[in-house]
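One structure is given below, encoded as structure tokens.
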Ligand SMILES: Cc1cc2nc3c(=O)[nH]c(=O)nc-3n(C[C@H](O)[C@H](O)[C@H](O)COP(=O)(O)OP(=O)(O)OC[C@H]3O[C@@H](n4cnc5c(N)ncnc54)[C@H](O)[C@@H]3O)c2cc1C
Ligand SMILES: Nc1ncnc2c1ncn2[C@@H]1O[C@H](COP(=O)(O)O)[C@@H](O)[C@H]1O
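Chains as they are written, first to last, in the working numbering: chain X, 311 to 624; chain C, 4 to 254.
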């Protein structure tokens, strides 16, 4: 199998998730990486093996459409059997755009891929991970996006860099990056080092709901975390967000309050020691991976729980 | 402004979505409802429509999906277009994009909106395929959106913090669920929706169907997970949680 792996970089480092996909692809056959950006030769060299590089100012902003143009040309020139991605906001949009350009099949959220009788077969958890689906492609190339955290790899270093041309379609150049805002500094205790995390989602109903959550976290000696839904809405700071576009945490105890348990949240907290979930919807996906699932109203349960923990402590 | 919103009818919450083991597809025989995620896109469209604009919801799905689309009409959308044809059954990403693009090209909207993700497919990427086939700029994950002077400005979250993006219209935008609080349809809205136009298109109307290029081979059970416990709050849930934590030596 001849595979191309989209290596995503941020600053001067390649993402460990995409390096993990490269290592996986190398174990299946002939795999090369591709790095697209501006001033990216050094970061491309930090990978191992052969890396295709498009180094162009028009690829500086992390936007999908110019990348689709370059990848489509590379695939046409080199004839890959597969193009593989590690999940990210950018990678998903690049992969889907490329699928449409090439009329190629795309499977996403894969946690495994193997070669069976000369064909690729991917494994994808579906419906809140309650069933696993084996899926294949009838197109060439086969396009795949792997779930965050499935494979992690390290930069081997010393890659042989091969330059590729950049020719962009008009519609691919219309989005402009106006501003990038890095993460603001965290105020409370950092969630990455906490043994106990009390996390809350949209079930809180509003930013004022965090008062009760903070009180419980204090009694449990833990830090407060949040879902993207409440962070994007401005209820709580981005530095506390857990999930695909936030932090990955693995505390001893993770208490999920009013959180549905979407896969993009799950990938950031599934390695927690013990997961306790409070949700009023008995069908919430979080109950499929919580160690203790409590069906009930958080407004009733959280204050009582805080009191009981306090009483026990003193 | 003329706005098209791509929305999906999905198995209703709690109806126990499952995969059909014979067809290996999602069993859509139960209740279908408008995806929650897509109500945010409908709300945003209504906000941006203006007095002389139009909001049309566009969907690919079984004929019964028309009922779910009526919820968008009850919220205030002007009409719906449903692509429904046996040729699109089991459509994958590219085939779905082709059907929607065929319907969108008949509308020539200035803005095409998407929801954040579908709860069943969960690809969170269909917009990029549609934008590519329409040859329009695309912005995904927009948590804030403004349109002014023939261009849009959006703020969104990625793995590295926030970005502000700008693009000229016509454009394709996928909105995050945090962008707004969708309205509930009013009684008047629900009554009014019954007389709004609901068009159904066949494959021939949208440039023809085709074969999917991805196939499901088999369904397998997920890996076994450790023991887990479930309780319903009967007034003593807090006590039960404390007991559980004590047992696990987490207090
Ligand atoms: C590319 C991409 C990246 C993403 N990255 C992230 C990420 O990093 N982190 C993340 O968290 N999400 C992320 N998401 C979003 C994710 O898919 C979900 O939409 C999000 O996690 C939902 O947040 P939530 O659980 O707070 O809200 P909801 O899904 O709205 O869930 C709220 C829950 O609260 C419950 N509830 C309501 N009221 C009560 C009550 N009184 N008592 C008890 N329970 C109650 C409801 O039953 C519901 O289950 C991402 C999505 C995409 C597409
Ligand atoms: N069958 C469909 N018909 C219309 N729009 C859809 C359909 N499936 C998905 N969408 C839209 O695409 C978004 C992302 O879906 P997905 O890529 O399946 O997660 C949804 O929020 C909808 O706006």
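For every residue, glycine included, the Cβ atom is placed at its ideal position computed from N, Cα and C.
From the DSSP output, in three-state form, read off residue 478 (chain X) for me. coil
Taking C-beta pairs closer than 7 Å, name the residues in chain X that residue 251 (chain C) reaches, listed in chain order. 584
For residue 175 (chain C), does the three-state DSSP call read helix, strand or coil? strand
Ligand 1 heavy atom lying under 7 Å from the CB of residue 269 (chain C): The structure shown does not extend to residue 269 (chain C), since chain C is modelled only from 4 to 254, so the question has no answer here.
Chain-ordered neighbours of residue 417 (chain X) on chain C, where CB pairs are closer than 7 Å: 217
For the stretch 522-544 of chain X, enumerate the residues whose C-beta is nearer than 9 Å to any C-beta of chain C, in chain order. 530, 538, 539, 540, 541, 542, 543, 544
For residue 560 (chain X) versus residue 581 (chain X), is the C-beta distance shorter than 8 Å? yes
Cα-Cα separation, residue 449 (chain X) to residue 420 (chain X): 17 Å
Any Cβ of chain C within less than 8 Å of the Cβ of residue 451 (chain X)? no
Under 8 Å, do residue 12 (chain C) and residue 115 (chain C) count as touching if we go by C-beta distance? no
Say the cut is 7 Å; is the CB of residue 125 (chain C) nearer than that to a heavy atom of ligand 2? yes
Nearest-angstrom Cα separation, counted from residue 239 (chain C) out to residue 294 (chain X): Given that chain X is displayed from residue 311 to residue 624, the structure contains no residue 294 (chain X) and the question cannot be resolved.
By the criterion of Cβ-Cβ separation under 8 Å, what are the contact partners of residue 97 (chain C) in chain X? 409, 410, 413, 414, 415, 416
Any idea what DSSP makes of residue 316 (chain X), helix, strand or coil? strand
Against chain C, with Cβ distances strictly below 8 Å, would residue 427 (chain X) count as a contact? no
If I measure Cβ to Cβ from residue 459 (chain X) and keep anything under 6 Å in the same chain, skipping five residues before and after, which residues do I get? 577
Could you name the residues of the same chain whose beta carbon sits closer than 6 Å to that of residue 517 (chain X), not counting the 5 residues immediately before and after it, in chain order? 545
Can you name the residues of chain C whose CB is closer than 9 Å to the CB of residue 441 (chain X)? 21, 22, 222, 223, 224, 225
Please report the straight-line C-alpha distance between residue 562 (chain X) and residue 101 (chain C), rounded to a whole angstrom. 47 Å
Starting from residue 422 (chain X), find everything on chain C with Cβ-Cβ shorter than 7 Å and list it in chain order. Under the 7 Å cutoff, chain C gives no residues; its nearest Cβ is about 11 Å from residue 422 (chain X).
With a CB to CB cut of under 8 Å and the five nearest residues on each side skipped, what residues in its chain are close to residue 72 (chain C)? 10, 12, 37, 60, 62, 83, 85, 201
Length at least 3, wholly inside the stretch 355-385 of chain X: the beta strand (DSSP E) runs in chain order: 360-365
Inter-residue spacing [alpha-carbon to alpha-carbon] between residue 51 (chain C) and residue 587 (chain X): 37 Å
In its own chain, which residues sit with a C-beta less than 7 Å from the C-beta of residue 31 (chain C), not counting the 5 before and 5 after it? 14, 65
Determine whether the Cβ of residue 140 (chain C) lies closer than 8 Å to any Cβ atom of chain X. yes
Quick check on residue 117 (chain C): does DSSP put it in helix, strand or coil? strand
Hey, could you find the ends of the alpha helix (DSSP H) residue 520 (chain X) is sitting in? 520-530
So, is the C-beta of residue 435 (chain X) closer than 8 Å to a C-beta in chain C? yes
Give the straight-line distance between the Cα atoms of residue 104 (chain C) and residue 242 (chain C), rounded to the nearest whole angstrom. 55 Å
If you reduce the DSSP assignment to three classes, tell me which class residue 611 (chain X) lands in. helix
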